[in-house]
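Trainee:
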Amino acid sequence: MKLVSNLLESMTGIHIFYVAGLLIFLTLFVVIVIRTMRRPSAEMNEIKESILIDNDSEESMIS
Amino acid sequence: MENQKFYYDNKIVKLFILATIIWGVVAVLVGVLIAMQLAFPAFNFGLEYTSFGRVRPIHTNAVIFAFVGNAIFAGVYYSMQKLLKARMFSDVLSKVHFWGWQLIIVLAAVTFALGITTSKEYAELEWPIDILVAVIWVVFGWNMIGTIVKRRVQHIYAAIWWYLATFLGIAILHIVNSFELPISLFKSYSIYAGAQDAVVQWWYGHNAVAFFLTTPFLGLMYYFLPKAANRPIYSYRLSIIHFWSLIFLYMWAGPHHLLYQALPEWVQALGVTFSIMLIAPSWGGMINGLLTLRGAWDRVRDSAALKFLVVAVTAYGLSTFEGPMMSLRNVNMITHFTDWTIAHTHIAGMAWNGGIVFGMLYFLVPKLFRTKIYSEKLANAHFWIATLSILVYAIPLYWSAVTQWLMLKEYTPEGFLAYPIFLETLTQILPMYTLRIISGVMFLTGFLLMVYNMFKTMAAGEMEANEASEAPALVLQGARNPVKETVHRWMERRAVRFSIWVFVALFIGGAVQIIPMVFIKSNVPTIAAVTPYTPLELEGRDIYIKEGCYTCHSQQIRPFRWETDRYGEYSKIGEFVYDHPYLWGSRRTGPDLARTGYVNGPMYKNAAWHYQHFMDPQAMNEKSIMPRYDWFARRKVNLDMTPAKIRAMQTLGVPYPEGFDEEAVDDLIWQAEQIAADLKNSGIDIEPTSHMVAMIAYLHKLGGDIETQATPIIEETPNTENHEAGE
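Following this line, the structure appears as structure tokens:
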């Protein structure tokens, strides 16, 4: 632990960490968006409609 | 495959609904009380237990953890069972969760009224209750994950992802922010100091908004909005992108609560950058919610539940645009420390959280009790009163914020502050505080209409405590087929792996801020002239915390001319290295107190002035809205605790000499007698060990250390490389 705390205490240039974080996020974001958009529509529709197929949907509120 | 018969546990849902309704009324009622106290100080009733500083945390905690918390659990327990086609994992855990949470709420209310608080906003509970919160939260998570494990559906729907993120997010936040060193059953000190404590606290505070007031509500939106509209969510693809982006980005944005304050530049830049980026995923959620109603807007006209849900989602969009705008530096200089922030939080709280809760209740209660709502007219009346009350709340407070900010920065042609007395700016906005009371009464009226409507609905119907259902048993699909299944689709049926990735996404944002601030010493330069608090000053500081003075007074002067002219030299990071906890505050209902000990500064007042001001602020200025603190003259400092406090500070790294704890009481009495003698010269007779003397000692310490420097202040950076470069 002492080794770790010594390393952390002497660390400099911390300001670049958030720029690195930003780049990591943007990279992951692009990957997730591309992969998600490529998912078949039929699969997406099946999932999102699944919660309505339980005989529990609300009609009583709506006159 | 043959169906399995099972029973949904509706009783636990009903209990949480009742708790939501009861605590909701209490929370709003207390909110109206503190609104009245801010406009008319007589409503502090001259009692320590009902003074604003002690009651304000009761309001915020009651709204967040009692009203909103119980509503989250009601919605989660109902929707999880339905989505997973399984009864909750354990009835015992459900009951322990429910009663444990109610116990926490009661303990919170009692301890805050007694002045037992850590002073950290939305995390004011003292350490034994913190531990209880952690235990009950684990019970909730255990029950939730157990239910996911024994589910009868392959796929885990998006709403449950948000519930998992809520559980993990709050667990991380609560544990990290609650590291305290106890000195007794009701008193502890934060292990973090000054700027470090501020970063940890606002990492917590900002993300408590994220993971208690946003993520669970997005989960509820993903379930109840499609159910109430009887239409699927607009885009499941968007829900995936929205989910991962939001939980990753939120954790980074906390430092936007500390702009222009004594914090390293990189931390502030981090907060601003990620706050602006948060607009995208937040609006992804809003768009997904509103477009769910595409082609079904006619249903909104006829359903109070949908009306509330639509206003909620719209307010979510507005608030998540306003929040990032408030994190821009030039906007933040206006919004921070003024009523703008209060308006912002109430739009989010009343419209987004309130709207989802009310929409959910108007949907859920008739369904649970297998009847129609007792009166759709009353529900609509509630909707319009509540919506109008939000406008009556927000508009005056925005007005108030801009008015006060303009007055605070106004200069005469000769170059002097046009309104040098803070109270002048406050008096100007008091009519807005009266409007806030009206708004609170309106919101409460609407709420009471709902309470009546709900109880009539419950009386008209009948709830089945154990509702029968059936579904085939789950056969786990096993390993992923890369051809048929994407990684995310695979993760959506693997709860543990999904949770691990959620944890990783949450952990990164927190670690990037907390670890460097706590460990890298170059982030917190020290000032040689700054000395630890004397035992008497430390006791005074604890009284300041106990009375909640930080709820109205900041101790942080930003580097603006209109602040340094009014309050004195701007605050430096090295001034707070012995502050466990930090007390920078977040709203100035009264003036900043960071330099009340700077004898030649504009904020210095002598001991007799402080005495008279605490005894009767209105006698000093009839327009003051500060409560009286005449019990300061009667209450005595508990000297038995003083040595333990010094030892605790030594443990936390405050450089008192070895064995100073044994001399602490003598030191305290010596200093107290000096102040008492000073007061005696002004004709005031007071016991040296009274709270009054300790408070005066503390106020005379604040910001005074840097005054002793004849030369400009040199901040010492204990970084080896920097020292070497300097040499």
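Just so you know, the sequences run in chain order A and B. Counted the way the working numbering counts, the first sequence spans residues 1 to 63. Counted the way the working numbering counts, the second sequence spans residues 1001 to 1727. The C-beta atom is built at its ideal place from N, Cα and C for all residues, glycine as well. Note that the structure is a prediction, hence the values are computed from the model and not measured.
What does DSSP give as the partner residue(s) for residue 1587 of chain B in the beta ladder?
Mentor: Looking at the DSSP assignment, residue 1587 of chain B forms a beta bridge with B:1337.
Trainee: Going along chain B, which residues have a C-beta under 7 Å from residue 34 of chain A?
Mentor: In chain order: nothing, as chain B lies at least about 10 Å away.
Trainee: What is the C-beta distance between residue 1244 of chain B and residue 1505 of chain B, in whole angstroms, given that I count them as a contact (C-beta under 8 Å)?
Mentor: At roughly 7 Å, the Cβ-Cβ gap stays under 8 Å, so residue 1244 of chain B and residue 1505 of chain B are in contact.
Trainee: Going by the DSSP bridge assignment, what does residue 1005 of chain B pair with across the sheet?
Mentor: Per DSSP, B:1470.
Trainee: For residue 1720 of chain B, which of helix, strand or coil comes out of DSSP?
Mentor: In this predicted model, residue 1720 of chain B has a pLDDT of only 38, less than 50, meaning its place in the structure is not dependable; the value taken from the coordinates is given anyway. If DSSP states are grouped into helix, strand and coil, residue 1720 of chain B belongs with the helices.
Trainee: Just reading off the alpha helix (DSSP H) that residue 1021 of chain B is part of, what are its end residues?
Mentor: Residues 1010-1039.
Trainee: Just tell me which of B:1573, B:1639 and B:1604 has its CA closest to the CA of residue 1542 of chain B.
Mentor: The candidate whose alpha carbon is nearest that of residue 1542 of chain B is B:1639.
Trainee: State yes or no: is the beta carbon of residue 1512 of chain B nearer than 9 Å to at least one beta carbon in chain A?
Mentor: Yes - at least one Cβ of chain A is within 9 Å of the one on residue 1512 of chain B.
Trainee: Any idea which residues DSSP pairs residue 1189 of chain B with across the strands?
Mentor: Its beta-bridge partners are B:1181.
Trainee: Can you pull the DSSP bridge partners for residue 1690 of chain B?
Mentor: According to DSSP, residue 1690 of chain B bridges with B:1636.
Trainee: Quick check on the burial criterion: 16 or more other C-beta atoms within 10 angstroms. Buried or exposed for residue 1190 of chain B?
Mentor: With 16 or more Cβ atoms within 10 Å of its Cβ, residue 1190 of chain B is classed as buried.
Trainee: Given that a residue counts as buried once 16 or more other Cβ atoms are within 10 Å of its Cβ, and exposed if not, what is residue 34 of chain A?
Mentor: Exposed, because fewer than 16 other Cβ atoms sit within 10 Å of the Cβ of residue 34 of chain A.
Trainee: Any beta carbon from chain B within less than 9 Å of residue 22 of chain A's own beta carbon?
Mentor: Output row for residue 22 of chain A: interface = yes.
Trainee: Between the stretch 1083-1095 of chain B and the stretch 1147-1156 of chain B, are three or more C-beta pairs nearer than 8 Å?
Mentor: Taking 8 Å as the limit for Cβ pairs, the verdict is that the stretch 1147-1156 of chain B does touch the stretch 1083-1095 of chain B.
Trainee: Any idea what DSSP makes of residue 1684 of chain B, helix, strand or coil?
Mentor: Looking at residue 1684 of chain B - three-state DSSP - the assignment turns out to be coil, as it is neither helix nor strand.
Trainee: Determine, for residue 1273 of chain B, whether the minimum Cβ-Cβ distance to residues of chain A falls below 9 Å.
Mentor: Taking Cβ atoms only, chain A reaches closer than 9 Å to residue 1273 of chain B, which makes this a yes.
Trainee: Please classify residue 61 of chain A: does DSSP put it in a helix, a strand, or coil?
Mentor: At residue 61 of chain A, the pLDDT of 39 sits below 50, so the modelled position is not reliable and the matter cannot be decided from this model.
Trainee: Assign residue 1347 of chain B to buried or exposed, taking buried as 16 or more other Cβ atoms, counted over all protein chains shown, within 10 Å of its Cβ.
Mentor: That one is buried.
Trainee: Can you round the beta-carbon distance between residue 1217 of chain B and residue 1279 of chain B to whole angstroms, since I take them to be within the 8 Å contact cut?
Mentor: That pair is no contact at about 18 Å.
Trainee: Helix, strand or coil for residue 1417 of chain B? Go by DSSP, reduced to three states.
Mentor: Residue 1417 of chain B falls in the strand class under three-state DSSP.
Trainee: Just how far apart, CA to CA, sit residue 1098 of chain B and residue 1049 of chain B?
Mentor: Those two C-alpha atoms are separated by around 28 Å.
Trainee: Which value, in whole angstroms, describes the spacing of the CA atoms of residue 1299 of chain B and residue 1388 of chain B?
Mentor: Roughly 21 Å separates the two Cα atoms.
Trainee: Express the C-alpha separation of residue 1576 of chain B and residue 1598 of chain B in angstroms, rounding to a whole number.
Mentor: Going from the Cα of residue 1598 of chain B to the Cα of residue 1576 of chain B covers about 15 Å.
Trainee: Determine, using beta carbons only, whether residue 1162 of chain B comes closer than 9 Å to chain A.
Mentor: No, because no Cβ of chain A sits closer than 9 Å to the Cβ of residue 1162 of chain B.
Trainee: May I ask you to check if the CB of residue 1650 of chain B is nearer than 8 Å to at least one heavy atom of the ligand PLP?
Mentor: In the structure on display, the ligand PLP does not appear, and there are no ligands present to speak of.
Trainee: For residue 1487 of chain B and chain A, any beta-carbon pair shorter than 9 Å?
Mentor: Closer than 9 Å to some Cβ of chain A, the Cβ of residue 1487 of chain B qualifies, so yes.
Trainee: Apply the 10 Å Cβ neighbour rule to residue 1124 of chain B and answer buried if 16 or more other Cβ atoms are within range, or exposed otherwise.
Mentor: Flag for residue 1124 of chain B reads buried.
Trainee: Residue 1373 of chain B by DSSP, collapsed to three states: which one?
Mentor: Reduced to three states, the DSSP call for residue 1373 of chain B is coil.
Trainee: Please check if any C-beta of chain A sits within less than 9 Å of the C-beta of residue 1277 of chain B.
Mentor: Answer yes: the Cβ-Cβ gap between residue 1277 of chain B and chain A drops below 9 Å somewhere.
Trainee: Exposed or buried, what is residue 1088 of chain B when buried is set at 16 or more other beta-carbons lying within 10 Å of its beta-carbon?
Mentor: Result: buried.
Trainee: May I have a chain-ordered list of the alpha helix (DSSP H) segments no shorter than 4 residues that lie completely inside the stretch 1076-1140 of chain B?
Mentor: Runs found: 1091-1113.
Trainee: What do you reckon, are the CB atoms on residue 1116 of chain B and residue 1136 of chain B nearer than 9 Å?
Mentor: It is not a contact, given that the beta carbons lie outside the stated cut-off.
Trainee: Is residue 63 of chain A close to chain B? Criterion is C-beta to C-beta, closer than 9 Å.
Mentor: Unreliable placement is indicated for residue 63 of chain A, whose pLDDT of 31 sits below 50; no coordinate value is reported for it.
Trainee: With H, G and I counted as helix, E and B as strand and the rest as coil, what does DSSP make of residue 1233 of chain B?
Mentor: Of the three classes helix, strand and coil, the one that applies to residue 1233 of chain B here is coil, per DSSP.
Trainee: Relative to the alpha-carbon of residue 1375 of chain B, which residue among B:1304, B:1404 and B:1075 has its alpha-carbon at the smallest distance?
Mentor: The shortest Cα separation from residue 1375 of chain B among B:1304, B:1404 and B:1075 belongs to B:1304.
Trainee: Using a Cβ-Cβ cutoff of less than 8 Å, which residues in the same chain neighbour residue 1711 of chain B once the five nearest sequence positions on both sides are dropped?
Mentor: Residue confidence for residue 1711 of chain B is low, a pLDDT of 45 falling below 50, so the modelled location carries little weight and cannot support an answer.
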